[in-house]
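Take any residue in the sequence shown, count from 1 to its spot, add 231: that is its number in this note's numbering. Note that beta-carbon positions come from the ideal geometry of N, C-alpha and C, so glycine has one too.
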Amino acid sequence: MSRDLRGWIEEVELKAPGELLRVKRSVAPDRFEPTALLEQLEDRGEYPAVLFERITNLKGEPTPFMALMNVFGNPRKIGLAMGLAEPAGRAELFQTYLRRAAQPRKVQVVAPGEAPAKEVVVRGRDLDLAALPFFRHNYMEGGPYFTGIVGARALDSQRYNISWNRMMYLDATHMATYMSPRHLWSHFYEAEEQGQALPGALVLGHHPGFHLASAALTTLNDDEYEVAGGVLGEPLRVTPSEAYGEALLVPADAEVLIEGEIVPHRRTIEGPYGEFTGYTGPERLSWLFEVKALSMRRDAIFIEIFGSHRDNMAAHFPIEAHIYDRVRHAVPTVKDLCWIESGGPHNLIISIKKRIEGEPLRAAMAAIAASNFIKHVIVVDEDIDPGDLREVSWALATRFQAEDDLTVLKGMQGHVLDPSLRHEIRGSGMVLDCTVPLDRPYPRRARVPKDVRERMPLGEYLPDR
Ligand SMILES: Cc1cc2nc3c(=O)[nH]c(=O)nc-3n(C[C@H](O)[C@H](O)[C@H](O)COP(=O)(O)O)c2cc1C
């Protein structure tokens, strides 16, 4: 059987039961109800995936659908998205992801009759997006949304691109989407220059490995359906689309596919929207997606990301893995790094085994060059866990002198969603070198001897612990 969302849910309930909870009472996604529960869990430091078994549509009617949220909420679930049975440390997760993404697999084309995503097909006058369970996540959002994956390819190429693109409901057959200037955006502009629309399919609900692969940092030469196959560990099964036939192949094992096109020479209002920065981003003039066909499983499970909260940051994991890879090329003795769990979308903490002076700055520059998400880098020694902010703060307190160890970087390319930018895109950054200097003796950490700790297990002296 091919990898799909249903198989994944079964696997998680078997391997890691506490990581997936079920809500049986009916909730209204367009009235903030799923996210109201998720935010309460988050306030308690809990990030289980939650399957909402009964959800209503935009008309307030009951539906046969379910919604799965918080799929990526914590590192354990990033491992589960890649099928890892046991919990793994960050560095192991990075290496697993990088190894798989570097082994792309050719797609397997199947007939529409073999595609579970085609159990129900809706076209023409029967199309009505309001029959679907769109979501409002946060106060002040401009409309109900889906946060899904757009599968598309450049008009003159066989290469497929997959990227996360939110879609705001407009009417029965239209949504407004936001594209930052990356691959999908450039495919669209090429099409628009020729006066053509860009066909694509919004994928809502597939194996989380597919969703993870959608944030891969690739080049325009890489086929991202093939990269998704690498991350999944098996070829992605695809099938001809309803609206465009073989000219647009769509994932056969998806839960829901909304096929359509980004319309040339038309723009529409989109937003406000709760961005990954934790702030509500502004209303913008964005792009119009016109729906041509809908296909889905009868009892489809929609994956939705909890915008602006941990789930949203965590879904960027591939970018964190690529940053790790770039740092490793610059400083092979990098031990670990922590971007997503550091709590700030533009802060990165790197731990290295420093061999010579200058390596901390080199590691930091490699990370900053790898991604314009990164603004502040704190470099610590290998004895500091970059995921433990108390440890990091202790290193900053005791191994750092601002006069010598702070490097301020001016004129950097910032991230357009960073609300602290004073210019449209140009910003500044800094590197804090909190490593111990190599050229003079440094005091040792005050710790109890290791061998004594080892021969005195806590449980033997304090049985309740
Ligand atoms: C949960 C999530 C939501 C995202 N939403 C959007 C979005 O609405 N628009 C956008 O341009 N990028 C969004 N991104 C970022 C891109 O999907 C991501 O950077 C992707 O790698 C871009 O792919 P591409 O360069 O192949 O187009 C989102 C990322 C995540 C993880």
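Check the Cα spacing between Val258 and each of Leu269, Glu250, Pro248, Asp235: the tightest is with Leu269. Under the rule that a run must span 3 or more residues, the beta strand (DSSP E) segments found entirely inside the region 462-494 read 468-472, 476-482. In this structure, the straight-line span from the alpha carbon of Ala552 to that of Leu324 is close to 8 Å.
The DSSP-derived three-state label of Ile554 is helix. Placement of the Cβ of Asn396 at a distance of less than 7 Å from at least one heavy atom of ligand 1 is found. DSSP lists Gly382, Glu490 as the beta-bridge partner residues of Ala432.
Between the region 538-548 and the region 399-410 there are fewer than three C-beta pairs closer than 8 Å, too few to call the two in contact.
For Trp518, the enclosing beta strand (DSSP E) covers residues 515-527. A direct Cα-to-Cα measurement between Ser472 and Gly382 gives close to 11 Å.
Shortest Cα-Cα distance from Val352 to any of His418, His414, Glu486 involves Glu486. According to DSSP, Glu535 shares a beta bridge with Met300. Per the C-alpha coordinates, the member of Leu363, Glu345, Asp556 positioned closest to Asp261 is Leu363. At least one heavy atom of ligand 1 lies closer than 7 Å to the C-beta of Thr378.
Residue pairing for Ala280: DSSP places it in a beta bridge opposite Leu251. A straight-line Cα-Cα distance of about 26 Å links Val611 and Asp682. For Asp454, the CB contacts under 6 Å within the same chain, skipping 5 residues up- and downstream, are Arg390, Tyr391 in chain order. Below 8 Å, enough C-beta pairs join the region 661-677 and the region 588-606 to call them touching: three or more. Counting C-beta pairs closer than 8 Å gives fewer than three between the region 372-388 and the region 549-568, which falls short of the contact rule. The alpha-carbon of Arg653 is positioned some 10 Å away from that of Gly645.
A direct Cα-to-Cα measurement between Ile550 and Thr564 gives close to 20 Å. Here the alpha carbons of Leu315 and Arg307 stand approximately 9 Å from one another.
Membership of Ile393 in the beta strand (DSSP E) is indicated by the continuous run 391-402. Using a C-beta cut-off of 8 Å, the region 483-498 makes contact with the region 408-428, since at least three inter-stretch Cβ pairs fall below that distance. The C-beta separation of Arg234 from Glu465 comes to about 6 Å, placing the pair in contact by the 8 Å criterion. Close CB contacts of Leu627 within its chain, under the 6 Å cut and outside five residues either way in sequence, are with Cys665 (chain order). Of the residues assessed, Lys523 falls on the buried side of the cut-off, its CB having 16 or more other CB atoms within 10 angstroms. In this structure Ala247 is in contact with Leu311, their Cβ atoms being roughly 6 Å apart against a cut-off of 8 Å. Just measuring C-alpha positions, the residue of Val623, Ala483, Val458, Gly491 sitting nearest Leu429 is Gly491. Residue state for Glu501 is assigned as strand, using DSSP reduced to three classes. With respect to Ala332, Val462 sits close: the two C-beta atoms are nearer than 8 Å. For the pair Arg256 and Gly344, the Cα-to-Cα distance works out to about 34 Å. The alpha carbon of Asp387 has as its nearest neighbour, out of His418, Tyr409, Ala322, the alpha carbon of His418. For Glu455, the shortest C-beta to heavy atom distance toward ligand 1 is below 7 Å. The C-beta distance from Leu251 to Ile240 rounds to 7 Å, short enough to meet the 8 Å contact threshold. Residue environment for Pro265: buried (at least 16 other C-beta atoms within 10 angstroms of its C-beta). Contact annotation: Leu467 and Tyr456 have beta-carbon atoms nearer than 8 Å.
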